[in-house]
Every structure is written in structure tokens, then in C-alpha cells.
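Scroll down for the structure; my scribbles are underneath it.
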Amino acid sequence: LGESLARLCGTPGIGFHGDHARVGRKALRQRRGGASVARADLEDLSHRFKREYGMPMRHTKIVATIGPASNSDAALRDMLNAGVDVFRLNFSHGTHQTHGDVIKRLRAAAAEAGRTIAIMQDLSGPKIRTGTLKGGQPLQLETGAELRIRVGDFPGEPGLVSTTFAELPQMVKPGDALFLDDGHVQLRVTGTTPTEVTTRVEDGGPLGEHKGINAPGATLTSGLTDKDLDDLRFGVEAGVDLIALSFVQTA
């Protein structure tokens, strides 16, 4: 079957390993001479795979996040049997000990099932969030009103909220957009000081505690925190296969 794949695509990038066919993107897009791979050829490839391995050849991968509700041995086996290919570990939560335990149990379960899987370590990245609020009650932000975001750790009040992300005033400039709470509240920067950002509310609504701040187009001094670096060292030693990182700015 591996030879058939190579003949079909006519380019490097074809390999076979266990129950997974690994087909390079170039090989999928092109045949020798630059012609596109015909749909009939791909369908024939899928039929060959099914005859050889007793299962359909999937053209997509399934990524599943492991959390408190899915990290039992029984749940991991069920996910393997359901066809999960990549298991994501969210390093915003948990400890090195708990993640290390899951990695060992995943490897053991995959070996028992005869599956080849990948384990993805998703690093936390910098936390850009608003702080607490007086009384714990949401603020109602009215369109056109002024909202100041000040660096610090104090309860917010009408017209003023806090953030512990000290880089924010240096990241943005007048005219930039800020999105709060996954874009439910939209702001426009009107001014900055070394410790504060002044904004105008362009699309208002309620703002609760600890809501995310997104600054599209702004440049972070670093997308990696000390925690990320520590987690990364752990992940490499634990043998994770993939690393996921938020706030990627250059590649």
C-alpha cells in the first residue's frame, strides 16, 4: 500500500506508520508534473486503505482536550476507541504532577490499543485580564462612556477597572481597539500613561470580573512567561509531541 501511495502521488512526502497514513501536503496537492490529484484517485486510495487495514482512511484528525471530566482511564480508552488522534493538555490548569500522570496513562492506553497518538502541550501564555470589581457585581458599560484601565490589583468601579498585565499601556496607542470579554465589549483607546489606558466605549454591555482583554495588532514584549518556560522544560522532558502557544507574533 505504501508503494501504491508513492505511485499515486508521485512526489516525496509519503510514509506509512502503524495505522496512520502520513501524506505530505505537497503530495496531496500535486502529482508529478504539477497536476492536481483527482478525486477518483483519492477515493481509490481510501478503498485501498480500508482493504488493507479494515478501517476507513480519515482525511482529518481529531483533537480532544483532557480535563477533570475526561482524564480517567476509562474515559481515555473510550476516546482512543472513538478515534482521537491528538490529546491536548491545557497548562493553564493542573500541575506538572497531574499532567505527567496523564501523559504516562495516555501512552500506556495507546500502546494497549495499538494506536499511534500525539500529545499536545498547550502553554498558558500571558494572562491579559481585568481584575476584581467592588461587590463582585458586573459594571454596565454604556456606549460613548469613558473607561480607564489601570495597572494594579484593586477592585474596579464605574469608569475604572484594573489589570495586572503591566505591559498593556506600552502595547497600545490612541486609535487602537480593545476587546473585552471575548469581544462582547469593544473599546477605542484615546490615551495612555505609563500605568493607565484611557478608552471610549464603542460597543457597551455588562463587564464582569476577570474578563479577557484582547488588543488586535498590538505587540507583546514577550509571548512567553516564566511559567511557560518552566512548563516547556517539563513538557520536553515528559516527551510531548506538539507545543501550542498563544500570542504568536512572528514565525
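So the sequence shown is numbered by this note's numbering: it starts at 1180 and just counts up by one. Note that beta-carbon positions come from the ideal geometry of N, C-alpha and C, so glycine has one too.
DSSP places residue 1314 within a helical segment (H, G or I) once states are collapsed to three. Take residue 1336, set aside five residues on each side of it, and the residues of its chain with a beta-carbon closer than 6 Å to its own are 1313, in chain order. Per the C-alpha coordinates, the member of 1393, 1368, 1371, 1362 positioned closest to residue 1383 is 1362.
Beta-bridge partners of residue 1308 (DSSP): 1391. Following the DSSP letters along the chain, one finds residue 1340 inside the beta strand (DSSP E) bounded by residues 1339-1342.
In this structure, 1380 is the residue among 1276, 1380, 1393, 1425 with its C-alpha nearest to the C-alpha of residue 1322. In the DSSP assignment, residue 1327 is bridged to 1339, 1377. Assignment of residue 1296 by DSSP, reduced to helix, strand and coil, places it in the coil class.
In terms of Cα proximity to residue 1378, the closest of 1280, 1282, 1316, 1359 is 1359. Distance from residue 1266 to residue 1243 at the Cβ level is roughly 6 Å; contact confirmed, criterion being Cβ atoms closer than 8 Å.
Pairwise C-beta distances place the region 1409-1425 in contact with the region 1288-1303, as three or more of them are shorter than 8 Å.
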